[in-house]
Amino acid sequence: MKEPAMPTKPIMITRTPRGTQPTRQTHAAPATPAWQHALAHAIRDPESLALELDLDPVCLPGLHAGHDLFRVRIPRSYLARMRKGDPRDPLLLQVLPQLRETEEHPGFVADPVGDHDALAAPGLVHKYHGRVLLLTTGACAVHCRYCFRREFPYAEHNASREDWAPALAYIKADPSIREVILSGGDPLSLTDHRLADLLRRLEAIPHLERLRIHTRLPVVLPERVDDQLLGWLGTGRLHHVLVLHANHPQEFADPAAPALARLRERGITLLNQAVLLAGINDDPDTLCELQEAGFRHGILPYYLHLLDRTRGTAHFEVAEHRAIELHRALQARLPGYLVPRLVREIPGQPGKTPRWNEA
Ligand code: SF4
Numbered sequence: 002m003k004e005p006a007m008p009t010k011p012i013m014i015t016r017t018p019r020g021t022q023p024t025r026q027t028h029a030a031p032a033t034p035a036w037q038h039a040l041a042h043a044i045r046d047p048e049s050l051a052l053e054l055d056l057d058p059v060c061l062p063g064l065h066a067g068h069d070l071f072r073v074r075i076p077r078s079y080l081a082r083m084r085k086g087d088p089r090d091p092l093l094l095q096v097l098p099q100l101r102e103t104e105e106h107p108g109f110v111a112d113p114v115g116d117h118d119a120l121a122a123p124g125l126v127h128k129y130h131g132r133v134l135l136l137t138t139g140a141c142a143v144h145c146r147y148c149f150r151r152e153f154p155y156a157e158h159n160a161s162r163e164d165w166a167p168a169l170a171y172i173k174a175d176p177s178i179r180e181v182i183l184s185g186g187d188p189l190s191l192t193d194h195r196l197a198d199l200l201r202r203l204e205a206i207p208h209l210e211r212l213r214i215h216t217r218l219p220v221v222l223p224e225r226v227d228d229q230l231l232g233w234l235g236t237g238r239l240h241h242v243l244v245l246h247a248n249h250p251q252e253f254a255d256p257a258a259p260a261l262a263r264l265r266e267r268g269i270t271l272l273n274q275a276v277l278l279a280g281i282n283d284d285p286d287t288l289c290e291l292q293e294a295g296f297r298h299g300i301l302p303y304y305l306h307l308l309d310r311t312r313g314t315a316h317f318e319v320a321e322h323r324a325i326e327l328h329r330a331l332q333a334r335l336p337g338y339l340v341p342r343l344v345r346e347i348p349g350q351p352g353k354t355p356r357w358n359e360a
């Protein structure tokens, strides 16, 4: 997976008194944003993960087996919200490589949602009326083991590879498109410079009204919510919607909480989508608290996804009848505006397919 570009060192021409020659000087590089330092120091190998969390070394072969398929990546600020010595910690389980990822299960495939077949231009997925999804980068701050794009060939299908041009031309040619969704990978793993450039070009397309950003960074790498990000987010002609991704209420704890507060103060529409995951959030208390905790941070629930059946993720699946029971429990215990829509993504359908009416 790609890493975000680091700033390069600029060459500056200094002004000199009249009659003397200007001299070329190399100035100090602009400071690398703290979030890029944090990303560079993320946990990236099984031994460090086991050591940092006091995990029993007996788990190391399993960790390596999963890591060989999809590499470990965990920011330290996310790790800090996990309990040491507890291999069942709900945050750890989302990012812990396991031997079970090597198992083959019928129906669990590389591209369960049909993204590949819906590519309209390099890095541009057009599945649903009125909106398109731009795959901006393959990079993420964290590698979630259940990710439906864990095998997606980003190197081939990345809109930024061709300077966005074919994707932007496609959007410009279709006036029915009102909304662009930045996805990835995680779009906020791009630099602010790249994102501001993309935003400027999207704003020049007159029929666009909304920019939606699907991101897990404010939750797993809260350092990303800095002055530079807040300098462009929520500005300009397009209405910005940030769709976060948190699956457990503990993910909203410090140090994520102050970052979420800054986003809320910026006045950006904040939504959350979660994935229903066995052993992590498949009980009514955790799911209710996820919605309540999110709302305390100004985040409204959006989707509760049934697991996309991606190869290597079968151990996360919650049976659909159980998911419907859980959803009914949410409806019984929460006001309607705090109940996310329980959905499954089915390739070829005109939108996410709701599941809550099917007992
Ligand atoms: S942040 Fe999103 S895209 Fe990245 S690994 Fe996690 S689920 Fe997948």
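So the sequence shown is numbered by this note's numbering: it starts at 2 and just counts up by one.
In this text, a Cβ means the ideal position worked out from N, Cα and C, and glycines have one as well.
Just so we're clear, the structure is a prediction, and the values are computed from it rather than from any experiment.
- Just so you know, the alpha carbons of histidine 158 and alanine 333 end up roughly 43 Å apart.
- Under the DSSP assignment, proline 62 falls in the alpha helix (DSSP H) whose first and last residues are 61-70.
- Every unbroken stretch of the alpha helix (DSSP H) spanning 4 or more residues and falling wholly within the segment 112-175 is given here in chain order: 166-174.
- In the structure shown, the three-state DSSP call for glutamate 105 is coil.
- Annotated three-state conformation of glutamine 99 is coil, per DSSP.
- Excluding residues up to 5 positions away in sequence, Gly63, Ala66 lie with their Cβ nearer than 6 Å to the Cβ of leucine 100 in the same chain.
- With respect to the 8 Å criterion, histidine 194 and leucine 212 are not classified as neighbours on the basis of their beta carbons.
- In this structure, glycine 185 sits near glycine 139, with a CB-CB distance shorter than 8 Å.
- Leucine 125 sits away from valine 114, with the two beta carbons spaced by 8 Å or more.
- Of the heavy atoms belonging to ligand 1, at least one sits nearer than 7 Å to the Cβ of glycine 185.
- If you draw a straight line from the Cα of leucine 307 to the Cα of leucine 343, it comes to about 7 Å.
- Judged by pairs of C-beta atoms under 8 Å, the segment 276-295 touches the segment 88-96, as three or more such pairs exist.
- For serine 78, no beta strand (DSSP E) segment is defined; the enclosing uninterrupted segment is the alpha helix (DSSP H) at 77-80.
- DSSP places valine 73 outside any beta strand (DSSP E), giving it a letter other than H or E.
- Annotated three-state conformation of alanine 324 is helix, per DSSP.
- Bridge pairing for tyrosine 303: absent [DSSP].
- In the three-state reduction of the DSSP assignment, valine 110 falls in the strand class.
- Around the C-beta of proline 154, fewer than 16 other C-beta atoms lie within 10 Å, and the residue is accordingly described as exposed.
- Contact check for leucine 288 and leucine 327: beta-carbon distance about 6 Å, within the 8 Å limit, so the pair qualifies.
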